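Encoded as structure tokens, the structure appears first; notes follow it.
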Amino acid sequence: MRGRANAGLLVGGTLVGLVVLAALVSFFWTPHDPTFVDAARKLREPGGGYPLGADKFGRDTFSQLMVGARTTLYVGVVAVGIAALVGTPLGVVAGMTPRGWLSELIMRVNDLVFAFPALLLAVMLGAVYGPGTLTAMIAIGVATVPAFARVARAATLQVMVTDYILAARAAGRRRPGIAVRHVLPNIGSVLIVQASVSFAIAILAEAALSFLGFGTRPPVPSWGRMLQESQELLFSTPRLALWPGLAIALAVLGFNLLGDGLRDFLDPKLRRIRAER
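Quick note on numbering: full-length UniProt numbering labels position 36 of the sequence shown as 36, and the sequence is numbered without any gaps.
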């Protein structure tokens with residue numbers, strides 16, 4: 001059991017590391033300019049300096065995948081960051097005042113936001129402010145806030161009944177101090193796991209929004225838009241859809257495995273269960 005958990009963490013970390021490495025390297029080097037259109041190399045087969053071939057505009061597919069990884073991570077980091085910075089304090093407040101009106105208000109608004117998926121929110125924001133990377137980040141971030149709020153609230157409720165919290169309250173510590181010094185450090189592992197899982201969701205959401213035209217706009221490469229541009233050539237040149245689709249699948253798989261592995265590694269209860277087995 002322990003070996004299986006460690007294997008999942010290792011595989012997930014490796015896949016995520018490859019995506020991060022590709023994104024970092026793309027800042028300094030790519031085989032070709034990913035935005036350069038060369039009609040003479042239209043639909044060029046792999047080889048001769050084009051490891052994965054060229055698309056219907058003559059752009060290098062491998063270079064686009066590298067820069068697309070950078071775009072995906074950028075959107076994911078900002079979106080998950082927005083969700084964590086907004087959702088975590090709301091969840092902690094709701095968990096520290098479980099029977100108060102403020103907790104009820106937070107959770108009811110949380111349920112209302114949860115009813116709006118990222119795609120619908122992106123369409124609404126795109127209609128007002130125009131499609132783009134910023135629109136995708138805000139839409140994904142706002143749509144992910146309820147997940148962080150719920151996880152933070154559930155974890156806070158468990159922490160609030162522990163002896164050290166009762167001792168801190170008996171000593172006269174105020175709620176902000178208890179939240180910062182005792183609650184947040186003890187729910188940090190849960191939030192890390194949620195961030196990893198939310199990152200996988202953000203990758204799928206960004207790809208879907210770019211595919212529909214509400215995400216990253218040309219000429220910036222995006223895995224979702226690479227899929228959209230390849231759909232008319234799906235049967236004649238399937239490799240154009242294969243590579244971005246595979247990149248999305250492996251990135252999502254990597255973050256999901258990483259989240260599961262971190263959950264098993266950071267949760268002391270699961271560690272005790274594994275030790276007993």
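We put the CB at the ideal spot given by N, CA and C, even for glycine.
Remember, it's a predicted structure, so these values are computed and weren't measured experimentally.
Close Cβ partners of residue i (< 6 Å) along its chain, the five nearest in sequence each way excluded
{"i": "Ala207", "result": "Trp223, Gly224 and Ile248"}
{"i": "Ile273", "result": "Caution is warranted here: a pLDDT of 43 is assigned to Ile273, below 50, making its placement in the model unreliable, and no coordinate value can be reported."}
{"i": "Arg263", "result": "Val193"}
{"i": "Leu90", "result": "Ile106 and Ala149"}
{"i": "Pro218", "result": "none"}
{"i": "Ala22", "result": "Met66 and Ala69"}
{"i": "Ala200", "result": "Val252, Phe255 and Asn256"}
{"i": "Leu209", "result": "Ala122, Ala136 and Gly215"}
{"i": "Ser63", "result": "Thr30, Pro31, His32 and Pro34"}
{"i": "Phe57", "result": "Val37"}
Straight-line Cα distance separating residue j from residue i
{"i": "Ala152", "j": "Asn256", "result": "19 Å"}
{"i": "Ala241", "j": "Leu52", "result": "12 Å"}
{"i": "Phe148", "j": "Gly13", "result": "22 Å"}
{"i": "Ile192", "j": "Ala83", "result": "12 Å"}
{"i": "Phe28", "j": "Thr88", "result": "35 Å"}
{"i": "Gly48", "j": "His182", "result": "59 Å"}
{"i": "Ile140", "j": "Ala202", "result": "6 Å"}
{"i": "Phe265", "j": "Thr61", "result": "37 Å"}
{"i": "Pro31", "j": "Pro46", "result": "13 Å"}
{"i": "Val11", "j": "Leu253", "result": "9 Å"}
{"i": "Pro221", "j": "Arg59", "result": "10 Å"}
{"i": "Val145", "j": "Val37", "result": "39 Å"}
{"i": "Gly100", "j": "Asp111", "result": "17 Å"}
{"i": "Asn6", "j": "Leu15", "result": "14 Å"}
{"i": "Met96", "j": "Leu184", "result": "12 Å"}
{"i": "Asp163", "j": "Val190", "result": "20 Å"}
{"i": "Pro244", "j": "Glu229", "result": "11 Å"}
{"i": "Arg41", "j": "Val109", "result": "53 Å"}
{"i": "Pro176", "j": "Val161", "result": "17 Å"}
Identified DSSP bridge partners for residue i
{"i": "Gly47", "result": "Tyr50"}
{"i": "Asp60", "result": "Ala54"}
Whether residue i touches residue j by CB criterion (7 Å)
{"i": "Ser26", "j": "Val67", "result": "yes"}
{"i": "Thr135", "j": "Ala122", "result": "yes"}
{"i": "Gly17", "j": "Gly261", "result": "no"}
{"i": "Val19", "j": "Ala251", "result": "yes"}
{"i": "Phe211", "j": "Leu227", "result": "yes"}
{"i": "Leu258", "j": "Ser196", "result": "yes"}
{"i": "Ile178", "j": "Ala168", "result": "yes"}
Rounded Cβ spacing between residue i and residue j (contact assumed at less than 8 Å)
{"i": "Pro117", "j": "Ala143", "result": "6 Å"}
{"i": "Ala115", "j": "Ser103", "result": "Contact flag wrong, Cβ pair sits at about 19 Å."}
{"i": "Arg70", "j": "Ala54", "result": "The Cβ separation is near 20 Å, so there is no contact."}
{"i": "Val86", "j": "Thr133", "result": "Actually they do not touch by this definition, with Cβ atoms about 19 Å apart."}
{"i": "Pro98", "j": "Leu157", "result": "6 Å"}
{"i": "Leu125", "j": "Ile138", "result": "6 Å"}
{"i": "Pro131", "j": "Gly81", "result": "The Cβ separation is near 21 Å, so there is no contact."}
Cβ shell of residue i (< 8 Å), same chain only, five flanking positions each side left out
{"i": "Arg231", "result": "A small correction: the amino acid at residue 231 is Gln; Arg does not occupy that position in the sequence shown. Excluding residues within five positions, the ones whose Cβ falls inside 8 Å are Ala241."}
{"i": "Val92", "result": "Ala152, Arg153, Thr156, Ala179, Val183, Leu184 and Ile187"}
{"i": "Leu73", "result": "Val19, Val20 and Ala23"}
Beta-carbon contacts of residue i that lie in its chain and below 7 Å, excluding the five residues immediately before and after
{"i": "Asn186", "result": "Val159"}
{"i": "Thr237", "result": "Leu43"}
{"i": "Ala39", "result": "Gly58"}
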